[in-house]
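Worksheet for the structure shown next.
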Amino acid sequence: MFDFSELKKYLKENPEELLAILDSERLSILNAPEVKLLHGKYLTDFWNERPNKQLTYVLFFSEALISELDFDNIKNNLSGTITETLKFHRAIQVDKDFAVVASSADEIKHDFFVDLSNKNNVVFFFGEEGIDVVVRGKIFPRINVFYDEADRIQFLKKYHISNLQACLKEYEIYIKEPGVNEAFFASKNLVVKIKPVNPPNNTLHNKPEKILRDNLISFLNRNTQHTFSKENELNNQRELDLYTEVDGKKYLIEVKWLGQSVNDNETDLTQKVTDVSARKGVTQTLEYIKHLFEEMNFNIHCGFLCVFDAREVKNPVNYQSFGFVTPDLLPYFKKHFIKLEEIPLSRNP
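Note that our numbering gives residue 654 to position 177 of the sequence shown, counting from 1, and the numbers run on in steps of one.
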């Protein structure tokens, strides 16, 4: 007689063997001709015809029904009872004909349909990007981004790149928060030590561009729908400050600052960084865009210039009506450049 205790002991000591068995079972279900036909034709056609792809839902049935699936009835029921049931319910259990056995209006959640699959059900998740099959706790081929409705709603609350300026208005409020604001500035004691008479209030740390850039990228990654990174994108290894890609289009953000910082040795203040730096930022951003287009054949949709204004007196920045833009950069200025509003940065009282 076969000793199952020995098998149990062996699998416990060799968990990779158990995983291999589970993967084999999953693949046998996924590769069943009935499942492949159901997924590839009937359910895909059904998903394509649905007008609202943002409405997520699941259809599921017992693994034991795979060999009994009746595709003539399935086609009729998809256009009939399933379509009607989806007007009110989002999780639908079906039989071999895709007649409705049970349904629920509960919010679709990842754990919910994974649990269903672990109870020997074949689960089809219909998402924004298409259909995933969930078998024995695993999602195939995982083409969707969101599997929880709450996650999708939370994502949609975040800013799209087209609303970057609005996002930065929120950022202006964020950098005034205690615990955030002081991270940009040299300590008052150090500033007073360097300049005892009329010490400036807004003196930044040495080489503040890194602090400003890192703080901004962290905020954007939390509050936009995109992932920004710091990458050496240029062939000559000049570093782009911030970079992201949306729907195959690339965006870059060049970060500049105005004001004053402490020097490398913390023994003096640097020269004041003025409007000249902002104008150079325009030229530099345009040169980056031109290089990426012409030398690297990148699809740059837009280059943004973002200027932190940490000056003691924040007069309007003089961009000289952009008359300094050279003819070779002018086409990129007109089509692919946006100067964002300056971000005012002052030490909290």
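Backbone N, C-alpha and C define an ideal beta-carbon position, used for all residues, glycine too.
Bear in mind that the values here come from a model prediction, so they are computed numbers and not experimental data.
I need the straight-line Cα distance from Lys812 to Asp572, nearest angstrom please. Counting from 1 along the sequence shown, the entry for residue 812 is found at position 335. Counting from 1 along the sequence shown, the entry for residue 572 is found at position 95. If I take the Cα positions, the gap works out to 56 angstroms.
If we call anything under 8 angstroms between Cβ atoms a contact, is Asn679 one with Glu789? The residue you call residue 679 lines up with position 202 of the sequence shown. The residue you call residue 789 lines up with position 312 of the sequence shown. Result yes, Cβ atoms of Asn679 and Glu789 sit closer than 8 angstroms.
Do three or more CB pairs link the stretch 695-710 to the stretch 718-727 at distances below 8 angstroms? yes
Taking buried to mean at least 16 other C-beta atoms within 10 Å of its own C-beta, is Glu731 buried or exposed? Taking the sequence shown and counting its residues from 1, one reaches residue 731 at position 254. Answer is buried; the Cβ neighbour count reaches 16.
So Asn683 and Ser738 are in contact, right, with Cβ under 8 angstroms, and what is the actual spacing, rounded? On the sequence shown, residue 683 is found 206 positions in, with the first residue counted as 1. On the sequence shown, residue 738 is found 261 positions in, with the first residue counted as 1. Correct: roughly 6 angstroms between the Cβ atoms.
Use the C-beta contact count for Phe603: other C-beta atoms within 10 angstroms, 16 or more gives buried, fewer gives exposed. Taking the first residue of the sequence shown as 1, we reach residue 603 at position 126. Buried, because 16 or more other Cβ atoms sit within 10 Å of the Cβ of Phe603.
In the DSSP assignment, find the beta strand (DSSP E) that holds Gln761 and state where it starts and stops. Here the question's residue 761 lines up with position 284 in the sequence shown. That residue, Gln761, is in no beta strand (DSSP E); its alpha helix (DSSP H) goes Asp752 to Glu771.
Opening and closing residue of the alpha helix (DSSP H) in which Asp609 lies: Within the sequence shown, the letter at position 132 stands for residue 609. From DSSP, Asp609 is part of no alpha helix (DSSP H) but of the beta strand (DSSP E) over Ile608 to Val612.
For Arg567, tell me which candidate among Leu514, Val622 and Asp583 has the shortest Cα-Cα distance. Counting from 1 along the sequence shown, the entry for residue 567 is found at position 90. Nearest of Leu514, Val622 and Asp583 to Arg567, Cα basis: Asp583.
Which of the three DSSP states is assigned to Lys811 in this structure? For the purposes of this step, residue 811 is identified with residue 334 of the sequence shown, where counting begins at 1. Helix at Lys811.
Assigned exposure category for Asp609 - 16 Cβ within 10 Å defines buried: As a working note, residue 609 is residue 132 in the sequence shown. So Asp609 counts as buried.
For the alpha helix (DSSP H) containing Tyr651, list its first residue and its last residue. Here residue 651 is taken as the residue at index 174 of the sequence shown, counted from 1. From DSSP, the alpha helix (DSSP H) with Tyr651 extends over Leu641 to Tyr651.
Express the C-alpha separation of Arg527 and Phe565 in angstroms, rounding to a whole number. For this step, residue 565 is matched to residue 88 along the sequence shown. For this step, residue 527 is matched to residue 50 along the sequence shown. Rounded to whole angstroms, Phe565 to Arg527 spans 15 angstroms at the Cα level.
Can you tell me whether Ser798 is buried or exposed, with buried defined as 16 or more other CB within 10 angstroms of its CB? Position 321 of the sequence shown, counting from 1, holds the residue named residue 798. Exposed, by the Cβ-count rule.
What three-state label does DSSP hand Thr747 in the structure shown? Taking the sequence shown and counting its residues from 1, one reaches residue 747 at position 270. Thr747: coil per DSSP, three-state reduction.
Under 8 angstroms: do the stretch 659-679 and the stretch 744-760 share three or more Cβ pairs, one atom per stretch? yes
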